[in-house]
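First the structure, in the form of structure tokens, and then the observations on it.
Number of protein chains: 2
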Amino acid sequence: MQETIKVGLMGLGTVGSGVYQVLNENGSEIALRASGPIEIAKILVRDMEKERAIRVPGQLFTTDPYELVNDPEIDVIVEVMGGFENTLEILLAAIERKKSVVTANKDLIAVHGHELMDKAANAGVDFLFEASVAGGIPIIRPLIHCLAGNRIEEIMGIINGTTNFILSKMTNEKVSFAAALQEAQELGYAEADPTSDVEGLDAARKIAILASLAFNSQVTFSDVTVKGISSVTDRDVMYADQLGYVVKLIARAREVDGEIEAIVRPTFVPKDHPLAAVGGAYNAVFVKGNAVGEAMFHGLGAGSLPTASAVVGDIIEAVRNIHAGVRGKVLATSYHEKPIRSEAESVGKHYIRLVANDKPGVLGTIAAIFGETHVSIESMVQRKHDGNSAELVFVTHDVRYGDLQNALAMLSSHTTVTQVHQVLQVI
Amino acid sequence: MQETIKVGLMGLGTVGSGVYQVLNENGSEIALRASGPIEIAKILVRDMEKERAIRVPGQLFTTDPYELVNDPEIDVIVEVMGGFENTLEILLAAIERKKSVVTANKDLIAVHGHELMDKAANAGVDFLFEASVAGGIPIIRPLIHCLAGNRIEEIMGIINGTTNFILSKMTNEKVSFAAALQEAQELGYAEADPTSDVEGLDAARKIAILASLAFNSQVTFSDVTVKGISSVTDRDVMYADQLGYVVKLIARAREVDGEIEAIVRPTFVPKDHPLAAVGGAYNAVFVKGNAVGEAMFHGLGAGSLPTASAVVGDIIEAVRNIHAGVRGKVLATSYHEKPIRSEAESVGKHYIRLVANDKPGVLGTIAAIFGETHVSIESMVQRKHDGNSAELVFVTHDVRYGDLQNALAMLSSHTTVTQVHQVLQVI
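Heads up: the sequence lines are chains R and D, in that order.
The UniProt record's numbering puts the first residue of the first sequence at 1, with every later residue one more than the last.
The UniProt record's numbering puts the first residue of the second sequence at 1, with every later residue one more than the last.
Set out below in structure tokens:
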């Protein structure tokens, strides 16, 4: 056993409380695994007087982050407060003062991760962020280490629990998006302002992080093409079921001809695909590599203790590295500069739902437009709509997204088509 | 980029060929990830003249392992030849000569792993064995590192592809064990002597390795209670289906009251359990921890390239550590000495299939025996058998295995019971 290592904990919300709890509850085992005891020496909070669900000695609290960062006795800073206005500055200061940093802050890493990793490598400290993607599921370390022998071809997953809860609810209980969202908010799965989850921004941040690591090239939040789930209706969910799919919010990154494609979209997933069975608050990440084939990682993607599991795993690693005298040996992994592939060039199958006049020849007209724009159709459903109109649903073969956009523009402007209501990708 | 690191490859069979292929095909990317190029400098083979599926320069071959072990230019020994009569001695010699060792040899590790890890730690070299369990699926590193903050409660999985292929075949195509085994042999999934796979010995070796790491206590092959699948009949598969289960060979280790229970048994797995969907040659490992909750790792558990993926991941790690000057920092993880729990004390649900005389009162007699031995029944099916006999199937509630054995002994010796045909665990 080596000497106690002191940790400064920034944030005592859902994740922070979990970290405190896990370090205490599993403390004796963790000390053995880390080669020595770990002690939370100071905790940054916003409100010193707030009532908290767990008992924490009040003398650990401070509202000044620099009381942690400037404390020479603290060797590891654990940042679980989120946000990034001041956080970047604080973490850079911590790295400069030779403290290893563990963070769960996906917003920050999806934008400033590369800068932080470079600075940490130069300072000879660790910068670890396993908890930033998919909560408790081990994915970042397996990707960087275990799968390092592979050329990764694709990484995709269900990495936002809120939208998966809503879509599972819509699928299983045939309720509307609005009703499912309201229930998610009442249960605390969705925030009062659900935009970041529902519009796919959260998933986009996480896939940017995963894509950077998988392809060893800088992919940031703004490189990801995003469509959220707020436009998904019960009709889409019903057609998915009829056609043998379930609707999931899929974040996917692929390398195609040396370019990186990173897209978040509501997606028709075949019912027999491993990702189709990932329900409720579970997350899963699916990886295709040229040696391993297909591998999937499945577990709880959020929540106090699961996320704390990932944070504490990183803390133990940072502490082990201090004792072994090997801090800061993690490699900066973005040695390539691969261009981001434009959405128009991405190729895939798509689901299209539209309403058209129900009169002779309309299907021929639509088929002609698809033919002209090189959009080949795999399956099709037609249903009576109201009055003189019909609802038509198409699933395409693989098409260039740019060609699909041309087809949709021509359809929308054609007099026989009342409206193109939905376009979703199909895997 | 740092200087080239030379590797000695022991074995050029299925896995060895895969390792050669992956290191060549992904070489430029691997060099970047490992901080420098990796070169296979010598290859140990049994037969220098053998025709091989891949092209390898013949001048790399040798039949003398000590040409690799004693070569001062070789820094990493990769052992993928299997067996352990001479292998232990050779690897200990390599460690003594300060070479890092990467191995996929589960037979060896399940018996001598602790000795090898200790020796490697003392010599200041790495000893890595991700490929020894579940082929390409990252499980050992995630368990040791990512989940280090957890008290692991249970680790279980489908970790033998041959038996999973046979049981999947029996389930999906309603064929007998013998027919499924024969097909597995014809397709190359099962060996001519299938004992090690079919009787659960291979799975027992792997669960011994996983249990040692999960509970930080030495668990070896001989500590595992094993029952193979050769007694599983099409009737068992049929009853499983009727009762809402599928039959899988499950290797499971749990910590109960400070003792370790490690058991391999054919098992009724509920159809909605994530492990139920793991088909054919796929493997999956399911982990329960007191922080992460439930996590599952899924992928190809065998085969040339998937296993090579894990081996090459370890080679890259070993090479990175050489360049960073941090070899041999992996901790010896068996700091506890937890006793092995006797099978009689293990508690769980069980499926029992027996044939009895079909006359009034027989069910009452059997029920009385169960009651007397504290075996509580959850569900029961009775079917006409031939002549004057009936087939009875029971699924118990949780029972002590010792109590169940008492019940079975009393049933077997009772005149109304013709024969107890099968007892399988239920999860």
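Using N, Cα and C, we set each Cβ at its ideal position, and we do this for glycine too.
Just so it is clear, the structure is predicted and the values come from calculations on it, not from any experiment.
Identity of the residues DSSP links to Ala103 (chain D) by a beta bridge | Going by the sequence as given, residue 103 (chain D) is Thr instead of Ala. BP columns for Thr103 (chain D) point to D:Glu79.
Candidates R:Ser376, R:Tyr66 and R:Arg52, of which the one nearest Asn86 (chain R) by Cα | R:Tyr66
Gly299 (chain D) to Gly280 (chain D), Cα distance in whole Å?
-> 11 angstroms
Sort out for me which residues DSSP pairs Glu343 (chain R) with in a bridge.
-> In DSSP, Glu343 (chain R) forms no bridge with anything.
How is the beta strand (DSSP E) around Pro266 (chain D) delimited, first residue to last?
-> Glu259 to Pro270
Could you check the C-alpha separation between Thr63 (chain D) and Glu89 (chain D) for me, to the nearest Å?
-> 16 angstroms
Kindly say whether Met10 (chain R), judged by its beta-carbon, lies nearer than 8 angstroms to any beta-carbon of chain A.
-> Given the protein chain composition of this structure (R and D), no chain A is represented.
Any heavy atom of the ligand HEM closer than 7 angstroms to the Cβ of Thr103 (chain R)?
-> The ligand HEM is not part of the structure shown, which contains no ligands of any sort.
Between the stretch 18 to 31 of chain R and the stretch 284 to 303 of chain D, are three or more C-beta pairs nearer than 8 angstroms?
-> yes
Compute the Euclidean distance between the alpha carbons of Met380 (chain R) and Val393 (chain R), then round it to the nearest angstrom.
-> 6 angstroms
For Gly36 (chain R), which residues in chain D fall below 7 angstroms Cβ to Cβ?
-> By Cβ distance, chain D contributes nothing, its closest Cβ being about 11 angstroms from Gly36 (chain R), past 7 angstroms.
Which residue from D:Lys6, D:Pro194, D:Ile95 and D:Thr396 puts its Cα closest to that of Val347 (chain D)?
-> D:Thr396
Going along the chain, which residues of the stretch 291 to 309 of chain D sit with their C-beta nearer than 7 angstroms to a C-beta in chain R?
-> Ala291, Val292, Gly293, Glu294, Ala295, Met296, Phe297, His298, Gly299, Leu300, Leu305, Pro306, Ala308 and Ser309
Which two residues bound the contiguous alpha helix (DSSP H) that contains Leu392 (chain R)?
-> Not the alpha helix (DSSP H): Leu392 (chain R) falls in the beta strand (DSSP E), residues Ser389 to Thr396.
Starting from Pro142 (chain D), find everything on chain R with Cβ-Cβ shorter than 7 angstroms and list it in chain order.
-> Pro138, Arg141 and Pro142
Report buried or exposed for Thr163 (chain R), applying the criterion of at least 16 other Cβ atoms within 10 angstroms of its Cβ.
-> buried
Which ranges would you report for the alpha helix (DSSP H) in the stretch 295 to 344 of chain R if only whole runs of at least 4 residues count?
-> 304 to 323
Determine contact between the stretch 226 to 240 of chain D and the stretch 419 to 427 of chain D, defined as no fewer than three beta-carbon pairs at a distance below 8 angstroms.
-> yes
Can you say whether Glu391 (chain D) is buried or exposed, counting buried as having 16 or more other CB atoms within 10 angstroms of its CB?
-> buried
Residues bridged to Asn283 (chain R) by DSSP?
-> R:Gly299
Could you round the C-beta distance between Ala110 (chain D) and Ala208 (chain D) to whole angstroms and report it? I think they count as a contact, below 8 angstroms.
-> 4 angstroms
Skipping 5 residues on each side, what residues in its chain have a beta carbon closer than 6 angstroms to that of Lys174 (chain D)?
-> none
Check whether the Cβ of Ala277 (chain R) lies closer than 8 angstroms to any Cβ atom in chain D.
-> yes
Decide if Ala200 (chain R) is buried, meaning its Cβ has at least 16 other Cβ atoms within 10 Å, or exposed.
-> Reading the sequence as shown, one finds Gly at residue 200 (chain R) and not Ala. Looking at its Cβ environment, which holds 16 or more other Cβ atoms inside 10 Å, Gly200 (chain R) is buried.
Identify the contact partners of Gly86 (chain R) in chain D, using a Cβ-Cβ distance below 9 angstroms as the criterion.
-> It is Asn, not Gly, that sits at residue 86 (chain R) in the sequence shown. The contacting residues do not exist; Asn86 (chain R) stays about 27 angstroms from chain D at best.
Would you mind telling me which residues of chain R sit closer than 7 angstroms to His145 (chain D), beta carbon to beta carbon, in chain order?
-> Arg141, Gly313 and Glu317
Sequence ranges, alpha helix (DSSP H) only - wholly within the stretch 118 to 168 of chain D, length at least 4 = none
Does DSSP put Glu96 (chain D) in a helix, in a strand, or in coil?
-> helix
Consider the Cβ of Leu249 (chain D): report whether some Cβ of chain R lies at a distance smaller than 8 angstroms.
-> no
Looking at the C-beta of Pro270 (chain D), does it have a partner C-beta in chain R at a distance below 8 angstroms?
-> no
Assign Asp126 (chain D) to one of two classes, buried (16 or more other C-beta atoms within 10 Å of its C-beta) or exposed (fewer than that).
-> buried
When the cut-off is 8 angstroms and only beta carbons count, does Val15 (chain R) lie next to chain D?
-> no
Is the stretch 44 to 60 of chain D in contact with the stretch 10 to 19 of chain D, if contact means three or more CB pairs nearer than 8 angstroms?
-> yes
Return the residue from the list D:Glu29, D:Gln21 and D:Met10 that minimises the CA-CA distance to Lys42 (chain D).
-> D:Met10
Residue range of the beta strand (DSSP E) that includes Gly8 (chain D) = Ile5 to Met10
Would you mind telling me which residues of chain R sit closer than 7 angstroms to Gly289 (chain D), beta carbon to beta carbon, in chain order?
-> Ser309
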